[in-house]
Amino acid sequence: MKQLLDFIPLVIFFILFKVYDIYIGVTGLMIASTVALIITWIIYKKIEKVALFAYLMIIIFGALTLYFRNPDFIKWKVTIIYFIFAIILLASQLIFKKPLLQKLLGKELNLPTQIWNKLNFSWVIFFIVCALANLYITYSMSQEFWVTFKTFILPGITLVFTILSGIYIYKQIDKNSSQA
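In the working numbering, the protein residues as written are 19 to 198.
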């Protein structure tokens, strides 16, 4: 249900962009994201930090896009979010010596530190590649393609990478339980 609530604002953005323009799309994204956040709060009585951060980025970069009438602001939001995620994951591993993914999932999954490090680092690389892909598409492709990329391709790629991470974890759990 949460994933659907996160995806609906993107679809609204896409539809309004297609019917009107980027500015109406961004306005719709901001409104729909606010409604989705409120519904999430009503249903679950809490809002995850990542969801709140993403929402604030939508509002800030959406407002900049509308105020300056420059779509580059909303396009940069994706890149900035992905770079921040990559930095946080990398810092958790290099500075704090405990991968953030282990902290988030370690209660449910018992895996060796080296597996958590590999998984965490693979997400760092994933976020950097997505951020760079967004930059490339922002400046070398049409705005129409960027909207499609942001609305459908990036979430699709993220879903595939999440599934691959799950398969990797499952295989590691299987190996660890057979070694125990």
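The C-beta atom is built at its ideal place from N, Cα and C for all residues, glycine as well.
So, are the CB atoms of residue i and residue j less than 7 Å apart?
| i | j | result |
| --- | --- | --- |
| LEU153 | THR97 | yes |
| PHE79 | LYS67 | no |
| TRP141 | LEU107 | yes |
| PHE167 | ILE175 | no |
| THR169 | LEU34 | no |
| PHE179 | PHE144 | yes |
Just checking my contact of residue i with residue j at CB under 8 Å: how many whole Å lie between their CB atoms?
| i | j | result |
| --- | --- | --- |
| LEU123 | ASN138 | The Cβ separation is near 10 Å, so there is no contact. |
| LEU127 | ILE181 | Not confirmed; about 16 Å, so no contact. |
| LEU23 | THR58 | 6 Å |
| ILE30 | ALA50 | 4 Å |
| ILE191 | LEU150 | About 32 Å separates the two Cβ atoms, so there is no contact after all. |
| CYS148 | LEU172 | 6 Å |
Taking only three categories from DSSP, how would you classify residue i?
| i | result |
| --- | --- |
| GLY43 | helix |
| SER160 | coil |
| ASN138 | helix |
| PRO173 | helix |
| ILE49 | helix |
| ILE113 | coil |
| LYS168 | helix |
| ILE201 | With the chain covering 19 to 198 only, the question about residue 201 has no answer from this structure. |
| LEU70 | helix |
| PRO27 | helix |
| GLY124 | coil |
| LEU82 | helix |
| LEU55 | helix |
| TYR186 | helix |
| ASN152 | helix |
Whole angstroms are fine: how far does the CA of residue j sit from the CA of residue i?
| i | j | result |
| --- | --- | --- |
| GLU1 | VAL44 | The shown model of the chain, from 19 to 198, leaves out residue 1, and the question about it has no answer. |
| ASN88 | ILE40 | 9 Å |
| PHE114 | LYS121 | 11 Å |
| LEU82 | PHE91 | 6 Å |
| PHE101 | ALA69 | 16 Å |
| VAL165 | ILE26 | 14 Å |
| ALA109 | THR131 | 15 Å |
| ILE42 | PRO117 | 40 Å |
| LYS36 | LEU112 | 43 Å |
| ILE61 | LYS20 | 10 Å |
Any contact between the segment 47 to 56 and the segment 72 to 82? By contact I mean 3 or more CB pairs, one from each, below 8 Å.
yes
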